[in-house]
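Report on the following structure.
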Amino acid sequence: MTDVIRLLPDAVANQIAAGEVIQRPSSAIKELVENAVDSGATDVRIVVKDAGKTMIQVIDNGSGMSETDARMAFERHATSKIRNAEDLFSLHTMGFRGEALPSICAISEVDVRTRREGDKLGTHLIIAGSRVECQEPCVCDKGTVITVKKLFFNTPARRKFLKSDSVELSNIVREFERMALVNNHIRMGLDTGTRTVDLRAGSFKQRIIGLWKSGLDNQLLPINVETSLVKIEGFVSRPEFARRRNPLQFLIANGRNMRHPYFHKAIVGCYESLIAPDTQPCYFLKFTVDPQSVDVNRSPTKDDIKFEYEQQIWPILQAAVKAALGRFSAVPSIDFTSDAIPVRPLKEGELPKEPVIEMPEDYNPFKTEYERKPSASNWESLYENFSRGRKETGQVMTEAPMMSDMMMSDMQKKEVVEVQDETLFEKELKDELAPMCMQYASKYIITSSRHGLMIIDQHRAHVKILYEEFMRRVKNMEVVSQSVMFPEALVLDESQRAALLEIEDDLRRLGFSLEYESGETWMITSLPAMLKNGNPKDIILRILDSVTEDSANYGLDARGEVSIASRAALMMARSSAIRRGEKLSAVEMEHLCAELFALPDPALTPNGNRVFCLLDQSRLDSLFQ
18 MTDVIRLLPD AVANQIAAGE VIQRPSSAIK ELVENAVDSG ATDVRIVVKD AGKTMIQVID
78 NGSGMSETDA RMAFERHATS KIRNAEDLFS LHTMGFRGEA LPSICAISEV DVRTRREGDK
138 LGTHLIIAGS RVECQEPCVC DKGTVITVKK LFFNTPARRK FLKSDSVELS NIVREFERMA
198 LVNNHIRMGL DTGTRTVDLR AGSFKQRIIG LWKSGLDNQL LPINVETSLV KIEGFVSRPE
258 FARRRNPLQF LIANGRNMRH PYFHKAIVGC YESLIAPDTQ PCYFLKFTVD PQSVDVNRSP
318 TKDDIKFEYE QQIWPILQAA VKAALGRFSA VPSIDFTSDA IPVRPLKEGE LPKEPVIEMP
378 EDYNPFKTEY ERKPSASNWE SLYENFSRGR KETGQVMTEA PMMSDMMMSD MQKKEVVEVQ
438 DETLFEKELK DELAPMCMQY ASKYIITSSR HGLMIIDQHR AHVKILYEEF MRRVKNMEVV
498 SQSVMFPEAL VLDESQRAAL LEIEDDLRRL GFSLEYESGE TWMITSLPAM LKNGNPKDII
558 LRILDSVTED SANYGLDARG EVSIASRAAL MMARSSAIRR GEKLSAVEME HLCAELFALP
618 DPALTPNGNR VFCLLDQSRL DSLFQ
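Following the working numbering from start to finish, the sequence shown increments by one per residue and tops out at 642.
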C-alpha cells in the first residue's frame, strides 16, 4: 500500500494557520498595529474601507525594515522578537510567534512600503496569496506603510461568514479602543470613512477620557499600589456610576490586554452591596509583574494570560480597590466631622464644673409603656388589653392556633381565590397543575403537576410569554406606533450609528421612530403601543448592540427582517418582564403558569435558556433514601 501522509504546501499551511490568527478584519488590524508598536513608532494611523473588507492600511513612523527584512517578515515563524524558547519567559514585545504577517498575506493582497532612517531608498513589496509579485526600491518616508486589500479573497467560505459592515466596524472600533488604551504614550488615529479619531499621546487618564467622552473625569477613582509581587495602577468607577449595559472593563498585564475572569471576580466582589445586582462597575487597571511569572503563549489572540501567583495577587487587588472606594468616600461611613458644641472659655482661676444630670424622681429606665405586670387579680383585664390591641391592628384572634397551622409556612398561608365560571381550558389546566402555587426567594414558582414537582423561573417564564405575544403581533401586522409626547434624546457612538443606519427601516416597521437631532444625538419620537413598561432608550440601545454581537445569543440569522423583529421582541420582553425578587400573589402565580403552559414550547426562552425544571417521583424518592 502507498503512503498517505504528506507535507502540505506552504501556501495551504499558511491559509490554515490564518484561520486561527486572522478571524476578521479587526484581527488583521490588531496584528499590524502590534508590529508598529514593536518597531518603536510614536505615531500610528489606521485607515479602513468598507469595514476592512476592501482595504486596511496601517501607517507608522517606526524603525522600518531593510530589503532583506521586508522579505523575511512574511516567512512563517520568522521573527526578530525571540531567539529560543527561553525568551518566551522574558517577553517585552507584543508579537513573538512570526505568524501574523504570513497569515495575512496568505488570504489577501499585501502592499508594503518601508524605509529605515539611514537608508536613501526604501523597499516596495507586493504579495498576493503568499506569492511575491513585486519587490523593488522606492521613495517613501521613514517607517512602514502596510496596505491589506481584498481580505479572504482566496478563502470564499471565510469571507461568506463575515458579519455585516456594522458588526465588523464595531469590532474594529473596540479593538482600536483596546490598543489605544494600552499604548497611551503613542499618538493613534482611526479613519473609518465616516468618522476620524485622533488621540494624542498623554497620560493613562487622558487616554481614557479621549476614548470615551462621557463625563468619566468625575467618575474615576485612582489606584496605585506597588508590592514586591505586583504593581497595580489605574482607575475604578464610583459605585453610583455602575452600568447596566456595556460596562468599560479593561485589564492590562505588562502592556498587553488580557481577559482574566479570576481578577474580574475580585474587582466586582468589592462592589457587593454597593451597586444594584444587574449592574457592573467600570475599571481600567494595569498589572506590572515579572515577565517570567506569566504565560502569554496560551491562545492565538495572546489575551489569555496565566499568572503564576494569581492567588497571592487576589487579596492585593481587593485591598487596592476597597481602599480606593473608602479613601474617596465612595462607601457609606460614619461622620466624625460634625460641628462641636460651643463651649464657654474658662476665666483665670476658674475650675470646670462637672455636668449635672437631672431626671424625674419617678423615672424608671426599665419600664416601658407596653409593659404589663400580670397578677392573679387582674388577669381578665390583661386579656382585654391584649384583645383590644389585636383589634386595633386589624388582627382578630378567634381561637387558639392548631399545631398544623403553626408549622405552615407563610407562602402556604396565601389567599386561595375560587374561580367561578371555569372555562374548558382552565379545567384542562387543573389536570396539569395543582391549584396551589408557592413562591420561593421571590425568584421561583413551585407547583406540582401530574409528572412531579415543578420549579419555574418567574422572570424567564414572563419573558417567554411576552416574547411570543410580541412576535405574534409582528407576524400578524398588528404593531401600532404611538407618538411620544416628550421625545427622549439618544446619544450613539460610531458602531451604534452604523447599526442604526442598517436597521432603521426595520425599527420603523416595528413601531420605533428616531429623528436625527445634531452631532451624535437622535430623538425617540414614537414607540410601539404594545411596549407598556421598560425604558425605551435602554431597549433601543440594547437592540443596536445586539446587531453587533453574535447571532447565537438571539437564535436567528444575523441578517434579515425576521431577525431584527426577534431581537427587538426579545429586548422588549426582557425589559417589561417580571423581575427576580418581585413578590407575586397566588392569583398572579397561577395566571403566569396558565399563560406559560398555553404556549406551544414553554420549556425554553428564545435564546435557549431553561424556563422550568421538573423533579419526577423517582427523583424525589431518591432524595429520601
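We treat Cβ as the ideally placed atom computed from N, Cα and C, and that holds for glycine.
The structure displayed is predicted, hence computed values, not measured ones.
Item, Value
"Buried or exposed (CB count within 10 angstroms, at least 16 for buried), V241", "First, the residue type needs correcting, since residue 241 is Asn and not Val in the sequence shown. By the neighbour-count rule (16 or more Cβ atoms within 10 Å), N241 is not buried but exposed."
"V133 versus G81 - alpha carbon distance", "Just to set this straight, residue 133 is Arg in the shown sequence, not Val. Each residue's alpha carbon lies about 5 angstroms from the other."
"Local Cβ density within 10 Å of N626, reported as buried at 16 or more and exposed below that", "exposed"
"Nonlocal neighbours in the same chain, by C-beta distance under 8 angstroms from T354, ignoring five residues either side", "Annotation note: pLDDT 45 at T354 (below 50); position unreliable, coordinate value reported separately. Here the set comprises nothing."
"Endpoints, beta strand (DSSP E) assigned at I124", "Counting along the chain, I124 falls outside any beta strand (DSSP E), and DSSP gives it neither H nor E."
"Between the CA atoms of I63 and M588 - distance to the nearest angstrom", "34 angstroms"
"Under the three-state DSSP convention, the category K47 falls into", "helix"
"First through last residue of the beta strand (DSSP E) which encompasses E153", "148–155"
"Alpha helix (DSSP H) segment containing T85, residue limits", "84–89"
"Close Cβ partners of F641 (< 7 angstroms) along its chain, the five nearest in sequence each way excluded", "none"
"Which of helix, strand or coil DSSP assigns to I557", "helix"
"Reduced DSSP category for S245 - H, G, I as helix; E, B as strand; rest coil", "coil"
"Beta-carbon proximity check, K303 vs E250, cutoff 8 angstroms", "yes"
"DSSP-derived helix/strand/coil call for D448", "No answer about D448 holds up, because its pLDDT of 48 lies below 50 and its placement is not dependable."
"DSSP-derived helix/strand/coil call for C610", "helix"
"Inter-residue Cα distance where the pair is L207 and F345", "36 angstroms"
"Chain-order list of residues whose beta-carbon lies under 6 angstroms from that of S43 (same chain, five-residue window excluded)", "N188, I189, E192"
"6 angstroms Cβ shell around G146 - same chain, five flanking residues per side excluded", "N171"
"Cβ-Cβ separation, V75 to I163 (assumed contact under 8 angstroms), whole Å", "5 angstroms"
"Contact under 8 angstroms by Cβ, L238 with L342", "yes"
"Inter-residue Cα distance where the pair is K70 and T209", "12 angstroms"
"Closest Cα partner of G536 within the set R204, D60, T211", "T211"
"Top-ranked residue by Cα proximity to G598, from V564, H479, Y461", "Y461"
"Beta-carbon proximity check, C151 vs L142, cutoff 8 angstroms", "yes"
"For I225, three-class secondary structure by DSSP", "helix"
"For E534, the nearest candidate out of D522, V508, I333 (CA to CA)", "V508"
"Exposed unless 16 or more other CB atoms sit within 10 angstroms - verdict on A123", "buried"
"Q499 beta carbon less than 8 angstroms from that of S563", "no"
"Beta-carbon proximity list for F258, same chain, < 6 angstroms, skipping 5 on both sides", "Q236"
"Reduced DSSP secondary structure (H/G/I, E/B, other) of Q328", "helix"
"Under 8 angstroms between C-beta atoms of Y288 and P332", "no"
"Same chain, Cβ closer than 7 angstroms to A58, neighbours up to 5 away in sequence not counted", "D77, N78, G79, G160, I203"
"Beta-carbon contacts of Y571 that lie in its chain and below 8 angstroms, excluding the five residues immediately before and after", "Residue confidence is low: Y571 scores 41 on pLDDT, short of 50, so the model does not pin down where it sits. No coordinate-derived value is stated."
"Close-in-space but distant-in-sequence residues of the same chain around M275 (CB under 6 angstroms, 5 per side omitted)", "L268, D320, I322"
"Boundaries of the beta strand (DSSP E) in which Y288 is found, first to last residue", "Taken as a continuous stretch (DSSP letters only), Y288 belongs to no beta strand (DSSP E), as it is neither H nor E."
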